[in-house]
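Below: one structure, written as structure tokens.
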């Protein structure tokens, strides 16, 4: 790079500068760094290229096509109808039900997912025996494919299943859980079983990063554990709390796999989820409805992530200050 | 007098601390039982003979002539320990009916290439993102983060369209290619690589290493841990997949075991436990060896803004 430097178009300028020996260096340095950065930009950009090409081809490009599809009456005749597809999908009772169910599921499971995993993290933070074993136990559901344990769920929550058996001893009537209004709760239990470990790890990392001296001062000032928790730890946990809430919210939107494995293609009304709706549309190759639904969903997620970024900015400052 | 009082206060505190610890242990034990029960039940039940299974779960999974589920007896008998340990289910699954092993093999074929090539593509891209931070690159990276969070309801539609255009529907390429280019690990690895001190890279440059050599000789060895974490996370994600094959592969023969398990005939419920156990084994083994990597991977994913 040094050898090439003299050959730039600015030769005249450099010879001129050579006379002023001291002024030469910064100018030279500046040109050198811009050249080097440009080279670095290109050579490191080449590393991104394969991934970027793939993402463009498999995600971005077709997504642009979807935006177009969502605004035409059908992909073949392609008459522009603007928002008609969105209007019809919002008016579609099946879509409404799917949205309502998904929303209900989120309302039930997200707060539980956050609170229970925080409790687990706090429990693991205290000096209980067999700590690392307990962590392993809590994490194990994360590794187990849902498909492997739905059998147990079926045994538990069947009409003649174990849960009814136990409840029956207390005089409750038998119900077919997966066909009742509690089906959503059964799915929520499976969802929590699977996802609590993940959130717990995030909380444990956040708890571990709280400065020890502050906690020590609190103990010296004879603060009760509850006081330390609500006045100190919660403040440091706030950004993780938000992150976990939002991630749980997003993963609660994805709920389908569990329902599908428990009930197959045709679930009861209460657990009819967005993905079921989409699957039906795939079967009919109803591109414009699919596209409109996908775009609506995408917008919702973007708004949620936007909230995460904006609020985390504020909360981040709150903790630092 | 005062000393006595203080002693009293201290012992009170001690009692309080001990009871708190006891409570924490009880909570932990309670959850541990809840978390482990389904896994242990599946494993132990896979060692029951088919007659024991049908006498235990006859009321839940009994079969009528149509293959549907009807109820014959009133009671279900959920048992942890089989009356007699029997390997008959495993013998059937492994040697007598090859369709289960075939589906298992489908899963392996589907997941293996995705894990390997996604890590390759993503580690290259993360090196690019970590090595230089410009405006355009930050925008692309941000797009990756957004894309990473998109649920299947959103991403499957584009995937389906492209597979349709390229005539890849009903082939494994329809799942492999979007999987390989999925931005999931780019984020995680970039975050890790940005922590590598520039002085290390500069030292290599002075020694005459090109970008490729820095990537291969310096970045990759330093990121071994992060790559293991990413590999585990990708593996869990795809080993568990249900949505993609349902939509992109119409031929049920080509489905992975994760989808097929839900369709096992009610009459073969004993087999289903054995198959479910076999399906868990790879992930449980990986978990036993790589729990710390998994924990690190999750921790790295936390705090999207990094």
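Protein chains in written order, with this note's numbering: chain A, 58 to 378; chain B, 126 to 431. Idealized CB from N, CA, C, for every residue including glycine. Quick caveat, the model's predicted, so the values are computed rather than measured.
Among the options, which has the Cα closest to the Cα of residue i?
i                      : options                    : result
residue 319 of chain B : B:359, B:248, B:290        : B:248
residue 254 of chain B : A:358, A:330, A:102, A:243 : A:102
residue 261 of chain A : A:161, A:189, A:249        : A:189
residue 275 of chain B : A:367, A:362, A:370, A:371 : A:362
residue 209 of chain B : B:297, B:225, B:178, B:219 : B:178
residue 370 of chain B : B:140, B:298, B:165, B:216 : B:298
residue 140 of chain A : A:128, A:134, A:160        : A:128
residue 286 of chain B : A:99, A:123, A:354         : A:123
residue 53 of chain A  : B:424, B:412, B:309        : No answer is possible for residue 53 of chain A: it lies beyond the span of chain A, which begins at 58 and ends at 378.
residue 99 of chain A  : B:261, B:172, B:206, B:409 : B:261
residue 167 of chain B : B:204, B:155, B:176, B:366 : B:204
residue 406 of chain B : B:153, B:372, B:336, B:361 : B:361
residue 301 of chain B : B:328, B:158, B:234, B:278 : B:234
residue 303 of chain A : B:402, B:400, B:216, B:427 : B:427
residue 350 of chain A : A:155, A:208, A:206, A:184 : A:155
residue 352 of chain B : B:379, B:366, B:315        : B:315
residue 146 of chain B : A:185, A:92, A:335, A:248  : A:185
residue 336 of chain B : B:263, B:250, B:170, B:220 : B:250
residue 307 of chain A : A:335, A:275, A:243, A:354 : A:354
residue 230 of chain B : B:182, B:379, B:157        : B:379
By Cβ distance, which residues of its chain are closer than 8 Å to residue i, with the 5 residues on each side in sequence left out?
i                      : result
residue 233 of chain A : 215, 216
residue 138 of chain B : none
residue 369 of chain A : 296, 299, 300
residue 306 of chain B : 243, 246
residue 241 of chain A : 158, 161, 162, 165, 327, 328
residue 330 of chain B : 339
Does the separation of the CB atoms of residue i and residue j fall below 9 Å?
i                      : j                      : result
residue 196 of chain A : residue 419 of chain B : yes
residue 347 of chain B : residue 325 of chain B : yes
residue 383 of chain B : residue 364 of chain B : yes
residue 365 of chain A : residue 299 of chain A : yes
residue 126 of chain A : residue 331 of chain A : no
residue 163 of chain B : residue 202 of chain A : no
residue 226 of chain B : residue 236 of chain B : no
residue 396 of chain B : residue 222 of chain B : yes
residue 294 of chain A : residue 173 of chain A : no
residue 313 of chain A : residue 161 of chain B : no
residue 293 of chain B : residue 280 of chain B : no
residue 295 of chain B : residue 176 of chain B : no
residue 357 of chain B : residue 411 of chain B : yes
What span of residues does the alpha helix (DSSP H) with residue i cover, start to end?
i                      : result
residue 200 of chain A : 188 to 200
residue 319 of chain A : 314 to 320
residue 221 of chain B : Note, residue 221 of chain B: premise wrong, no alpha helix (DSSP H); not H, not E.
residue 422 of chain B : 394 to 426
residue 144 of chain A : 141 to 148
residue 310 of chain A : 291 to 310
residue 303 of chain B : 298 to 305
residue 246 of chain A : 240 to 265
residue 273 of chain A : 269 to 277
Is residue i close to the ligand ATP? I mean its beta-carbon at under 8 Å from any heavy atom of the ligand.
i                      : result
residue 222 of chain A : Of ligands this structure carries none, so the ligand ATP is not represented either.
Using a beta-carbon distance below 9 Å, is residue i in contact with chain D?
i                      : result
residue 285 of chain A : Looking for chain D here will not work: the only protein chains present are A and B.
Classify residue i: buried if its beta carbon has 16 or more other beta carbons within 10 angstroms, exposed otherwise.
i                      : result
residue 144 of chain B : exposed
residue 342 of chain B : exposed
residue 95 of chain A  : exposed
residue 290 of chain B : exposed
residue 162 of chain A : buried
residue 421 of chain B : buried
residue 228 of chain B : buried
residue 268 of chain A : exposed
residue 214 of chain B : buried
residue 142 of chain B : exposed
residue 151 of chain B : exposed
residue 288 of chain A : exposed
residue 111 of chain A : buried
residue 344 of chain A : buried
residue 256 of chain B : buried
residue 279 of chain A : exposed
residue 168 of chain A : exposed
Given residue i, which residues of its chain have a CB within under 7 Å of its CB, disregarding the five upstream and five downstream residues?
i                      : result
residue 250 of chain A : 198
residue 304 of chain B : 239, 243, 363
residue 344 of chain B : 252, 318, 321
residue 169 of chain B : 205, 206, 207
residue 372 of chain B : 281, 285
Could you name the residues of the same chain whose beta carbon sits closer than 6 Å to that of residue i, not counting the 5 residues immediately before and after it, in chain order?
i                      : result
residue 284 of chain B : 303
residue 385 of chain B : 228
residue 277 of chain B : 368
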